[in-house]
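Q: To convert, note that position 49 of the sequence shown is 1059 in this note's numbering; the numbers rise steadily by one, no gaps. The beta-carbon is built from N, C-alpha and C at its ideal position, and this holds for glycine as well.
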Amino acid sequence: MYYLFYKVHNKDIAMIKFLIEAYENMMDISTIDRNLPKIQISCAKDYLDDCKAIIADLQTRFEMIKLDEPHDRSQGNY
């Protein structure tokens, strides 16, 4: 898995989650810190280019600030 981290507005989390999870088995989303708010988007490495294109499109609709975090480990509490 490849992990991407973004700072977003709390009010946008539900819609971003809904749109990302529509791409079943390609991407998943977790809220890491609701106070920041910080989300983690998990992407299968085989679909990384597609995931980045989808995220770029989402960034035209929502304020999503990419955070400089390691891509090789999850920060989710599963």
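Curious, which full-length alpha helix (DSSP H) runs of at least 4 residues does the stretch 1021-1059 contain?
A: 1023-1031
Q: For Met1025 and Ser1084, what's the separation of their Cα atoms in angstroms?
A: 22 Å
Q: Whole-angstrom Cβ separation of Tyr1012 and Cys1053, contact assumed at under 8 Å?
A: 5 Å
Q: Using 8 Å as the threshold, is the stretch 1069-1076 in touch with the stretch 1033-1048, meaning 3 or more CB pairs across them?
A: At 8 Å Cβ cutoff, the stretches do not touch.
Q: Which class does Leu1068 belong to by DSSP, given the choice of helix, strand or coil?
A: Reduced to three states, the DSSP call for Leu1068 is helix.
Q: Whole angstroms is fine: what's the gap from Leu1068's alpha carbon to Asp1082's?
A: 23 Å
Q: How many whole angstroms separate the CB atoms of Leu1014 and Ile1064, which I take to be in contact at a CB cut-off of 8 Å?
A: Going by Cβ atoms, the distance from Leu1014 to Ile1064 rounds to 11 Å, so no, they are not a contact pair.
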